[in-house]
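With full-length UniProt numbering applied, the sequence shown corresponds to residues 1 to 130, in that order. Input: a single structure, listed below in structure tokens.
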Amino acid sequence: MITNRLLSILCAILVWGMGVTFYLISFYIPILENLERQANITVALAIIPSACLGTYLFYRKGKMKPTTLALTFIMTAVALDTLITVPLFIIPNGGSYSDFFGDPMFYTIIVEFYFIVTYFGKHLTEKIRE
Numbered sequence: 001m002i003t004n005r006l007l008s009i010l011c012a013i014l015v016w017g018m019g020v021t022f023y024l025i026s027f028y029i030p031i032l033e034n035l036e037r038q039a040n041i042t043v044a045l046a047i048i049p050s051a052c053l054g055t056y057l058f059y060r061k062g063k064m065k066p067t068t069l070a071l072t073f074i075m076t077a078v079a080l081d082t083l084i085t086v087p088l089f090i091i092p093n094g095g096s097y098s099d100f101f102g103d104p105m106f107y108t109i110i111v112e113f114y115f116i117v118t119y120f121g122k123h124l125t126e127k128i129r130e
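See the structure below:
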């Protein structure tokens with residue numbers, strides 16, 4: 001049987017993968033002159049359904065406080081960004097760890113991610129209790 005912690009990490013990896021996919025795809029569809037800004041806007045919009053999907057999948061089988069789930073999702077995403085996203089996609093294109101983690105939009109997306117998972121998780125857990 002899969003534990004709640006492992007299930008939450010697996011769901012977080014799914015959400016992170018969707019976020020990275022949208023981030024990378026946005027560079028191939030130029031709409032704005034500033035492609036980095038376009039990618040950040042794309043992630044900020046794509047994180048909403050992605051986080052909801054990950055939260056929904058977790059609560060189908062798992063139990064955890066929504067705030068704890070949100071923090072688990074964030075810690076997993078930051079760890080994967082540190083280990084995979086920056087070395088494979090940011091540094092080869094001239095960026096750095098400080099560019100990636102120093103961008104205010106990164107922290108804006110983290111706050112958005114936290115509140116989406118927390119809110120939707122509370123919504124789902126209240127539905128389960130009824």
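Every residue gets a Cβ at the ideal spot worked out from N, C-alpha and C, and that includes glycine.
- Taking 8 angstroms as the cut-off, the Cβ atoms of Phe-27 and Val-43 do not count as close.
- Secondary structure at Leu-32: coil, using DSSP grouped into helix, strand and coil.
- DSSP places Lys-122 in the helix class (H, G or I) of the three-state scheme.
- Proximity to Asn-40 across Thr-67, Arg-5, Thr-108 peaks at Thr-108, based on C-alpha coordinates.
- By the 16-neighbour rule on beta-carbons within 10 angstroms, Ser-50 is buried.
- Leaving aside the five residues that flank Phe-89 on each side, the residues in its chain whose CB is nearer than 7 angstroms to its CB run, in chain order, Leu-24.
- Contact between Leu-6 and Tyr-59 does not hold, since the beta-carbon distance rounds to 15 angstroms and is not under 8 angstroms.
- A buried status is given to Val-117, since no fewer than 16 other beta-carbon atoms sit within 10 Å of its beta-carbon.
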